[in-house]
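**Q** Residue numbers (the numbering used here), protein chains in the order written: chain A, 102 to 570; chain B, 1059 to 1238.
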Amino acid sequence: MSTHTYTTPPAANPHSKLRPARYWIAAVVAGVVVLALIVSSLLNYAYLDSIPARASLYGLLAVATIALGTFIGVRAFTRDRASRRKHLIRAGVLLGFGVLLWLLVIDVFVFTQSAGPAVAGICALACLPTTAFGLLVVRRMDRNEKEPWRLVLVAAAWGAIVATSLVIWGETLWDGTAQHTLVPGPGLDASVAFSAGLLEELAKGTAVVLLFLVMRDDFDDVVDGIVYGAAVGLGFNFLESVGYMTNLYSIFQPEGIGWAAAGFQWYGRQVLGLFFGHATYTAFIGAGLGIARQLPHPRQKALAILSGFLIAIAGHFAWDAWQTFFPIDGGVLGLLEIHLRTLIMTGPFTAALIALLLFGIRYEALGLVDQFRKEAASGSGTILMDEVPVLASPWQRLAQRLRAFTRGGFRAYFKVARLQSAQLDLAMERWHRERQEMETPMEAEDALRQRVRELRRAVAASQPVRLGR
Amino acid sequence: MYLLFLTTRGQSIRLCPAVSVAPYDQILTLYRTLLVFATVAVLILSVGLVEFVYFEPPGQTTGATAHILGVFEYDPATGTTRGPDRTTFARTDEFAAVVDWSQLPPDLVVDARWFNSFGNIVGKVGPATAADLGPQSTVPVIVPPGFHHSLPGHYSFVVERLKDGRPVEVLGRRIVLVER
């Protein structure tokens, strides 16, 4: 019986017999998301007499287009080379159309209403470099096998566009009802904080769950989960920052301090809170999913996923509900207090996440080194024994690439980089197989070996030196 | 089978069973760490719930209702209101709520407060008994120090019943919009 794989070259974990079931779950989740967006827009339009409500309704087409384009784009990379280009073009057109439509809706109806398109544009431009920096750092946290940019950006785009759209109606209805029924003060603050923690983390977490279900090949472990979760959080934080900055600008500009208010928001959300806020919370959801990916029993998997969501919701809730208990004075002392407040309230969550990340990186590294050795011992020629220490260390891998660069320039650098990447993919594949975390055909692993050999020949042809230390 | 560990001076001699132990999967360490964090998360959410119940205690409905006559434009020079009851105001407008305290039981301890869209108190009377508050029927919004006008956004006016110095029930509420 021949087992067919669609990937050229094959992904680390090609198609599994289990995959259709996961796709069905993903399809149901996606269907619920689209339904929620439609209901959200209709409810907003019917009950909220505001411009953003109309934006939400008009933005439905953009959201649907972006969702479809994203799906086709991500799936394109698992197609064979012949049809990949066609799918990528389709995805590109849909994404471009959707983004333009969305920006048009947002700019004209929301930010223009609040502070004008010029202010909205400046705020967005101010948030772009910091968010890009955040994504760069988050992606680089995975020292051994970096996630593809396309998936990191898809995660961030979901956080920015889809997750924010999902929470509009829920939060508006919840907060509106609370304001009309509860006693103002800590009780009301707690209620609003529950709504933000629950709804925003569920909306952001849906993106990570979908990645977990659909892109299992690129969702290896806790480290990957943290990367994707943080990327979703950074995307959400981007649009929320732009929204808050423009809103506060419009409120305070008549008093002559609009830019100061917007700048303060920018610093709080894009500098001080870049990694402490949404990125940390949603990364916990990713961590839960990543750990669930490698657990053997369904009950443990379910508990791990639930735990990730609970920690994210609790972290978000704690910040929103209790930050008022840390009053900020004016003047220089106030500046110090703002930093201390973030450090004291969100710092423990970020520290806990970093602990999971470091342990995850170490765990992944141990697993990979073990597989490097086993592959080298097998005599397949894909990994040589003296390459193991180099492949085991990100710094030595970099040094090896730099040596290649000094000998043969960028071309040689990237050839060695591709070889290292393929060797890491092979070790990751072996690791998952040994742990019985997939049911994929051996041909895929053999194809990976073939790819490593081809890359090794290409490197040797351009750089006749051994690749070890 | 038992292995005998012979030790140096000062150490004990003990027998321990040699058992074959399956290699410990470190993913379980991550899993258990996550469960510990989740337990802390449940505690945090529980504290939040307790906080909510403490500040929103159930069973505090007295049936009393404050009669808010309306929210009107306000003249700070004379301390009087003018014009019709309104739900929206311009930034430059000054406005105040007017409460008929006589509709409440005279010994009920109450206050009235204005909150801006940031949740800050921007005007209040009380706490005192409804009888004592009788003459203070007009509750204006105070422009925050350092500002020329009220900040835009939704403003909530609430008449609250207090118990042990803490608001426990909203007897009347009005929400108005200050336009940008």
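For each residue, glycine too, the CB sits at the ideal point set by N, CA and C.
#1: Pop quiz: residue 189/A and residue 174/A are said to be a contact at Cβ under 8 Å. What is the actual Cβ separation, rounded to whole angstroms?
#2: Could you tell me which residues DSSP puts in a beta bridge with residue 1212/B?
#3: For residue 351/A, which residues in chain B fall below 7 Å Cβ to Cβ?
#4: When you compare each of 416/A, 390/A, 396/A and 476/A to residue 407/A by their alpha carbons, which one comes out closest?
#5: Just curious, the alpha helix (DSSP H) that residue 394/A is in, first and last residue?
#6: For the structure I just gave you, are there three or more beta carbon pairs, one from the stretch 274-285 of chain A and one from the stretch 1220-1231 of chain B, closer than 8 Å?
#7: Does residue 1201/B come out as helix, strand or coil in the three-state DSSP assignment?
#8: Hey, out of 557/A, 332/A, 439/A and 323/A, whose CA is closest to residue 465/A's CA?
#9: Classify residue 1153/B as helix, strand or coil using the three-state DSSP reduction.
#10: Could you tell me if the beta carbon of residue 383/A falls within a distance shorter than 7 Å of some heavy atom in the ligand PLP?
#11: Report the CB separation of residue 502/A from residue 517/A in whole angstroms; it is logged as a contact under 8 Å.
#12: Identify every residue that forms a DSSP beta bridge with residue 1225/B.
#13: Around the Cβ of residue 1183/B, are there at least 16 other Cβ atoms within 10 angstroms (buried) or fewer (exposed)?
#14: So residue 336/A is in the beta strand (DSSP E); what residue range does that whole segment cover?
#15: Going along chain E, which residues have a C-beta under 8 Å from residue 1091/B?
#16: Mind listing the chain A neighbours of residue 1084/B? Cutoff is C-beta to C-beta under 7 Å, in chain order.
#17: Skipping 5 residues on each side, what residues in its chain have a beta carbon closer than 6 Å to that of residue 402/A?
#18: Which chain A residues are close to residue 1225/B, counting only those with a beta carbon under 7 Å from its beta carbon?
#19: Exposed or buried, which one is residue 1118/B when buried takes at least 16 other CB atoms within 10 Å?
#20: Give the DSSP-derived three-state secondary structure of residue 555/A in the structure shown.
#21: For chain A, find out if any of its Cβ atoms is closer than 8 Å to the Cβ of residue 1210/B; answer yes or no.
#22: For residue 301/A versus residue 417/A, is the C-beta spacing smaller than 8 Å?
#23: Do you know how far the Cα of residue 554/A is from the Cα of residue 476/A?
#24: For the stretch 1179-1207 of chain B, enumerate the residues whose C-beta is nearer than 9 Å to any C-beta of chain A, in chain order.
#25: List the residues of chain A whose Cβ lies closer than 9 Å to the Cβ of residue 1229/B, in chain order.
#26: Going by the beta-carbon positions, is the gap between residue 1196/B and residue 1121/B smaller than 8 Å?
#27: Would residue 415/A and residue 1102/B be called neighbours here (beta carbons separated by less than 8 Å)?
#28: With a 10 Å radius around its C-beta and 16 neighbouring C-beta atoms as the bar for buried, classify residue 452/A as buried or exposed.
#29: Going along the chain, which residues of the stretch 256-282 of chain A sit with their C-beta nearer than 9 Å to a C-beta in chain B?
#30: Compare the C-beta of residue 1149/B with all C-beta atoms of chain A and state if any pair is closer than 8 Å.
#31: May I have the straight-line CA-CA distance separating residue 286/A from residue 379/A, to the nearest angstrom?
#32: From 230/A, 442/A, 420/A and 481/A, pick the residue whose C-alpha is nearest to that of residue 428/A; which is it?
#33: So who's on the other strand from residue 1132/B, going by DSSP bridges?
#34: Touch check for the stretch 1192-1209 of chain B and the stretch 1155-1174 of chain B: three-plus C-beta pairs under 8 Å?
#35: Just to make sure I have the definition right: I need the residues of chain A whose C-beta is within less than 7 Å of the C-beta of residue 1218/B. Which are they?
#36: Would you mind stating whether residue 342/A and residue 370/A have Cβ atoms separated by less than 8 Å?
**A** In short:
#1: 7 Å
#2: 1235/B
#3: 1238
#4: 390/A
#5: 379-395
#6: yes
#7: coil
#8: 323/A
#9: strand
#10: Within the structure as shown, the ligand PLP is missing, as the structure has no ligands at all.
#11: 5 Å
#12: 1220/B
#13: buried
#14: Premise fails: residue 336/A lies in the alpha helix (DSSP H), 323-353, not in any beta strand (DSSP E).
#15: Protein chains in the displayed structure are A and B, and chain E is not among them.
#16: 464
#17: 393 and 396
#18: 284 and 286
#19: exposed
#20: helix
#21: yes
#22: yes
#23: 13 Å
#24: 1179, 1204, 1205, 1206 and 1207
#25: By Cβ distance, chain A contributes nothing, its closest Cβ being about 10 Å from residue 1229/B, past 9 Å.
#26: no
#27: yes
#28: exposed
#29: 280, 281 and 282
#30: yes
#31: 25 Å
#32: 442/A
#33: 1139/B
#34: yes
#35: 284
#36: yes
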